[in-house]
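Undergrad: For reference, the structure I am asking about is given below.
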Ligand code: H2B
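In our numbering, the protein residues as written are 48 to 147.
Here it is in structure tokens:
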């Protein structure tokens, strides 16, 4: 079943749960500074495994040591709980392994 797109009211309560992420149109985005290109690529590989495990796939942009992630649910044409769950998971992986 398709996930329900979050309403504006629901977004108001979900956004504070991911304070490092910014609402951009119908996406949430965050740029992670991993400290080196090697670490950035390692982080992207971990993101790939997480994306496959949850069947939810972010847009990924690597610029040297920075990784920009944008999340949205294409099937629902906007943000859903799945985007926020993945954002929180990525925050945890970053803090545990890559944050300087
Ligand atoms: N990833 C993202 N970001 N949004 C989706 O709507 C989506 C996805 N849909 N990964 C999934 C795969 C869907 O195509 C499959 C069939 O579950």
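Where a beta carbon is used, it is the ideal one built from N, C-alpha and C, also for glycine.
So does residue 66 have its beta carbon nearer than 7 Å to some heavy atom of ligand 1?
TA: For ligand 1, not one heavy atom lies less than 7 Å from the Cβ of residue 66.
Undergrad: With which residues is residue 95 paired in a DSSP beta bridge?
TA: Beta-bridge pairing links residue 95 to no other residue.
Undergrad: Indicate the three-state DSSP secondary structure (helix, strand or coil) for residue 127 in the structure shown.
TA: Coil, per DSSP.
Undergrad: Quick check for students: name the residue ranges of the beta strand (DSSP E) that lie wholly in the region 60 to 95, counting only runs of 3 or more.
TA: Whole beta strand (DSSP E) segments, 3+ residues: 69 to 71 and 74 to 80.
Undergrad: Since residue 118 sits in a beta bridge, which residues does DSSP pair it with?
TA: According to DSSP, residue 118 bridges with 75.
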